[in-house]
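Residue numbers (the numbering used here): 641 to 754. The block underneath contains the structure these notes are about, expressed in structure tokens.
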Ligand SMILES: [Zn+2]
């Protein structure tokens with residue numbers, strides 16, 4: 641399962657960014673997950689909750705914000721979206737677009753209990 645390795649990566653990143661003596665104080669990990677990132681949020685939550693028990697982050701909750709897929713069209717200068725996750729402008733049907741959001745995953749915040 642893809643989400644299992646993603647959850648493991650998140651734990652590794654938290655480990656690298658939090659001082660060791662604060663590991664057990666990690667209260668929340670806030671993520672942004674794009675609509676077309678290829679990650680199933682529910683599945684990721686499930687995996688994180690399962691593997692955190694084997695780590696010092698037993699008390700950490702994962703919170704996921706879903707980020708919609710957005711494009712900027714260089715031809716008609718509009719911001720559009722579509723339900724396929726493809727780089728097609730919904731207004732002018734052009735393909736000269738840049739993806740603004742919705743295709744990646746980011747750790748936004750790691751909250752510690754003080
Ligand atoms: Zn356009």
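All C-beta atoms, glycine included, are put in the ideal place defined by N, C-alpha and C. Owing to the predicted nature of the structure, the values given are computational and were not obtained by experimental measurement.
- Secondary structure at residue 676: coil, using DSSP grouped into helix, strand and coil.
- The three-state secondary structure of residue 712, taken from DSSP, is strand.
- In this structure, DSSP gives residue 741 an extended state, which the three-state scheme calls strand.
- Excluding five sequence positions before and after residue 643, the CB atoms of its chain that fall closer than 8 Å to its own CB belong to 679, 680, 683, 684, 686 and 687, given in chain order.
- Excluding the 5 residues flanking it on each side, residue 672 has same chain C-beta neighbours closer than 6 Å at 705, 707, 746 and 748, in chain order.
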